[in-house]
Amino acid sequence: MTTFLTDSLDINRFHFSSKLNLKQRSELGQFLTPAPVARFMAGQFNNLSGNINLLDPGAGIGSLVSAFVEQLLINSAQIESCLITTYEVEETFLSCLEECLIECCNALKNKGIKAEYSLRNESFIESIGETSLPLFTKNSHNFTHAIINPPYKKINNQSIEKKILSKLGIETVNLYSAFVWLSMLQLAQNGEIVAITPRSFCNGSYFRPFRKAFLEKMAFENIHIFESRSLAFAEDNVLQENIIFHAVKTENKPKFIEISINSEKELDNSSEKRLVPYNQIIETNDPEMFIHIITNSLEDALRVQMGKFSATLEEIGLDVSTGPVVDFRLKSALRNCLDEESIPLIYPESIKPGKVLFPPKKPRKSIAIENNQQTQKWLIQPGWYVLIKRFSAKEEKRRIVAAVCSPLDSPALGIENHLNYYHAKGGGVNPDLARGLAAFLNSTLFDNYFRLFSGNTQVNVTDLRKIRYPSKEDLMKLGSQIDEFVFDQEKLDTLVHKNLSIMSEAINAIQASKRIQEALTILKQISAPKEQQNERSALCLLALADIRPETSWNQATTPKRRITEMMDWFRDFYGKQYAPNTRETVRRQTMHQFVQMGLVVENPDQLNRPINSPKWCYQLQQQALLLIQSYNSDQWEESRSNYAISVKNLLQDRTRNIPTITDKKENLS
């Protein structure tokens, strides 16, 4: 095995990560790559042969380089030479990085491969900007491979990086996209990039220049998504939504892009893979060049359904803008209570699904702003509006929270900058249209689609303008039927599906998403270990209770199922297709724990079945069935209590039945 390089470095990664405080990490914007992620990235490259010229523009302690060299050693017979170029600005990493580069080169030389390295203790961006060699000359395009875990940090408009990038014609807002952009420009034709970055570049106006430049020169081959925000850099508490992508510098676009997703730390074993047509991910006629990442057939059904809506906001007679009141710039005009000289100021804390609650019961912010000549240009005229939160919490269940703001008996209205608002040419909206639009935005259909469409927790007006909506007539018809249903998600979704003629495939996708979330809630409420509070375990629970998307929990049953039967069931009813080699992952990291928890019994039809039997199966324990059948009912708490007692008794029985050493001796005698 050739894994010694990355494994030894991973020990150093823990050491250095623990030494960097939050302030240093914020300044650097850098997080060291865990060994499993590094190996996964290095394994994405296609062409590892001949003369290799590798670039790592933010090398850290060398984790990515070592993983890449491990791949070269596996293919050593095809490699002639390897030149490694690394950049690193953090002084504390340098000795470890140089030691790594020396070990890598020695390992390559031992295989008869010519190997050299260049360690540059300088900023990648500043080095490119200061070089005497023009960036766009032919000789600068010489790297065959680039492997990148770039810094994640906004670029200050007054920074040296901003000045250099602007001089080079590169307009972008974050260091990570700048690193990828510059690396791309230095690649040879047919050169390859593998990078781990935030998903935020896939949409939004700020990253439009980056997307345009990247998609003109590069072709995606693979995109990998982490289901949880915390998986990629779990030890560093990074909650940015990350992706890993592999792209080749070529004008020829592939017919398909492989999309994979995983919910486990073991990237290789638990990845769900799917080939998606290139033009479904990057639409050729889209001027924004948004990148839509669809991971399964259920998500594809949502995409198809949303594609059936054709109305633009302009056709509906609406627009959407960001709240104009930036509170810290108008501090002197803010008020904690309404009086004759002030008007209502709406903050996100007043936004509840469907309705604005003003004033909030326990205000944490000002609730009013002065209405005078100085504030007039930041205020809007009274009327009906639809407000939507611009930001959601990192792991919040809903990305979209919209509310109807009715006239507040005031000559004007203030909307704070953390809200977006829909309006009719700056003025109020028809009441039924406002209610219908808010219902559509609050529907599970729209929320689930927007999560596919947008890779970050911010809801941008650019994204909201880009999306197509139902017709004005359909929205007004929907709005005319909205009353208190707006606070009941199930009833709201039913109204939306009925009035907007949502196709059955999309409804099934929405229901599937709900059932998975409900299964996760059950696992959490019965105190399942955190490692089993994931989508794979939720699907196992659903399969063992035979809860399909359209099945209610009180209809749960107890079929006996083998692992392969369960995985086929995931695919057939929830569109989740796991690789065949994940059987052991399901067995060892879900079913074993379910048995230990007393949730499931093994081989109820033949308790002495050999462990290697292909007929080995699982079934819900009877008390677990009663528990599941009571979910979302008045009997839930009682059932949960009964289940806890039954599990406790089961564990006590197991403990009593464990044979002691004395018992064994007596049996022998």
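For the sequence shown, the positions run 1 to 669 when UniProt numbering is used. Positions of the beta carbon are idealized from the N, C-alpha and C atoms, including for glycine.
Hey, how far is the Cα of residue i from the Cα of residue j?
{"i": "Phe290", "j": "Ser205", "result": "9 Å"}
{"i": "Gln621", "j": "Arg562", "result": "15 Å"}
{"i": "Arg640", "j": "Ile522", "result": "10 Å"}
{"i": "Ser159", "j": "Tyr574", "result": "48 Å"}
{"i": "Lys163", "j": "Phe214", "result": "21 Å"}
{"i": "Ala512", "j": "Lys111", "result": "52 Å"}
{"i": "Asn237", "j": "Phe31", "result": "Note that Asn237 scores 46 on pLDDT, short of 50, meaning its location in the model is unreliable and no value can be drawn from it."}
{"i": "Leu668", "j": "Glu565", "result": "With a pLDDT of 41 at Leu668, under the threshold of 50, the modelled position of that residue is not reliable, and the figure given next carries that caveat. If I take the Cα positions, the gap works out to 42 Å."}
{"i": "Gln619", "j": "Ile611", "result": "16 Å"}
{"i": "Met591", "j": "Lys255", "result": "38 Å"}
{"i": "Gln525", "j": "Ile628", "result": "11 Å"}
{"i": "Met1", "j": "Gln589", "result": "Legend: pLDDT at Met1 = 38, less than 50; position of this residue unreliable, value from coordinates given subsequently. Approximately 25 Å between the Cα atoms of the pair."}
{"i": "Ala644", "j": "Gly598", "result": "9 Å"}
{"i": "Ile244", "j": "Leu492", "result": "36 Å"}
{"i": "Gln596", "j": "Val647", "result": "9 Å"}
{"i": "Ser177", "j": "Ala402", "result": "31 Å"}
{"i": "Asn649", "j": "Thr582", "result": "33 Å"}
{"i": "Ser132", "j": "Ile257", "result": "Its pLDDT being 44, under 50, Ser132 is placed unreliably in this model, and the value from its coordinates should be taken loosely. Each residue's alpha carbon lies about 38 Å from the other."}
{"i": "Lys389", "j": "Arg465", "result": "15 Å"}
{"i": "Ala438", "j": "Asn262", "result": "33 Å"}
{"i": "Glu505", "j": "Tyr421", "result": "31 Å"}
{"i": "Ile84", "j": "Glu116", "result": "6 Å"}
{"i": "Cys100", "j": "Asn642", "result": "57 Å"}
Can you tell me whether residue i is buried or exposed, with buried defined as 16 or more other CB within 10 angstroms of its CB?
{"i": "Thr284", "result": "exposed"}
{"i": "Ile102", "result": "exposed"}
{"i": "Thr86", "result": "buried"}
{"i": "Lys249", "result": "buried"}
{"i": "Gly317", "result": "exposed"}
{"i": "Gln606", "result": "exposed"}
{"i": "Ala77", "result": "exposed"}
{"i": "Phe328", "result": "exposed"}
{"i": "Ser633", "result": "exposed"}
{"i": "Asp447", "result": "buried"}
{"i": "Asn149", "result": "buried"}
{"i": "Gln555", "result": "exposed"}
{"i": "Glu349", "result": "buried"}
{"i": "Pro529", "result": "exposed"}
{"i": "Glu272", "result": "buried"}
{"i": "Lys167", "result": "exposed"}
{"i": "Lys138", "result": "For Lys138, the predicted structure reports a pLDDT of 47, less than 50, and the residue's modelled location is therefore unreliable. The matter cannot be settled from this model."}
{"i": "Leu302", "result": "buried"}
{"i": "Gly383", "result": "buried"}
{"i": "Lys576", "result": "buried"}
{"i": "Ser49", "result": "exposed"}
Assuming residue i contacts residue j (C-beta within less than 8 Å), just tell me the rounded distance between them.
{"i": "Phe450", "j": "Ile400", "result": "6 Å"}
{"i": "Ile196", "j": "Asn242", "result": "6 Å"}
{"i": "Gly436", "j": "Ile482", "result": "7 Å"}
{"i": "Cys104", "j": "Ser66", "result": "6 Å"}
Just curious, the alpha helix (DSSP H) that residue i is in, first and last residue?
{"i": "Leu330", "result": "From DSSP, Leu330 is part of no alpha helix (DSSP H); its letter is neither H nor E."}
{"i": "Gln280", "result": "278-281"}
{"i": "Leu32", "result": "Element bounds for Leu32: n/a, residue is neither H nor E."}
{"i": "Lys498", "result": "489-499"}
{"i": "Glu103", "result": "94-110"}
{"i": "Val304", "result": "297-307"}
Is the CB of residue i under 8 Å away from at least one CB in chain C?
{"i": "Gln458", "result": "This model lacks chain C altogether; it includes just one protein chain."}
How far does the beta strand (DSSP E) with residue i in it extend, from its first residue to its last?
{"i": "Pro209", "result": "Careful: Pro209 lies outside any beta strand (DSSP E), inside the alpha helix (DSSP H) at 208-217."}
{"i": "Leu246", "result": "Per the sequence presented here, residue 246 reads as His, with Leu not at that position. Note, His246: beta strand (DSSP E), 242-249."}
{"i": "Thr86", "result": "79-87"}
{"i": "His145", "result": "143-148"}
{"i": "Arg468", "result": "Element bounds for Arg468: n/a, residue is neither H nor E."}
{"i": "Cys405", "result": "402-405"}
{"i": "Leu419", "result": "419-423"}
{"i": "Val600", "result": "600-602"}
{"i": "Val194", "result": "187-198"}
Inset, instruction - Please confirm if the stretch 328-342 is in contact with the stretch 494-510, defined as three or more CB-CB distances below 8 Å between the two stretches. - result: The answer is no - the stretch 494-510 does not touch the stretch 328-342, with fewer than three Cβ pairs under 8 Å.
Inset, instruction - Examine the Cβ distances between the stretch 488-496 and the stretch 519-537 and report whether three or more of them are shorter than 8 Å. - result: Verdict: no, contact absent.
Legend entry - Three-pair Cβ contact test at 8 Å for the stretch 454-469 versus the stretch 350-360: No, they do not touch.
Inset, instruction - For the stretch 174-192 and the stretch 144-151, state whether three or more C-beta atom pairs, one from each stretch, are separated by less than 8 Å. - result: Yes: at least three Cβ pairs fall under 8 Å.
Inset, instruction - Could you say if the stretch 470-478 and the stretch 531-542 meet the contact criterion of at least three C-beta pairs nearer than 8 Å? - result: Touching, no, given that fewer than three Cβ pairs across the two stretches are closer than 8 Å.
Inset, instruction - Report yes or no: do three or more beta-carbon pairs, one from the stretch 106-122 and one from the stretch 57-75, lie closer than 8 Å? - result: With the cut-off at 8 Å, the stretch 106-122 and the stretch 57-75 touch.
Inset, instruction - Decide if the stretch 305-312 is in contact with the stretch 418-429; the criterion is three or more beta carbon pairs, one per stretch, under 8 Å apart. - result: At 8 Å Cβ cutoff, the stretches do not touch.
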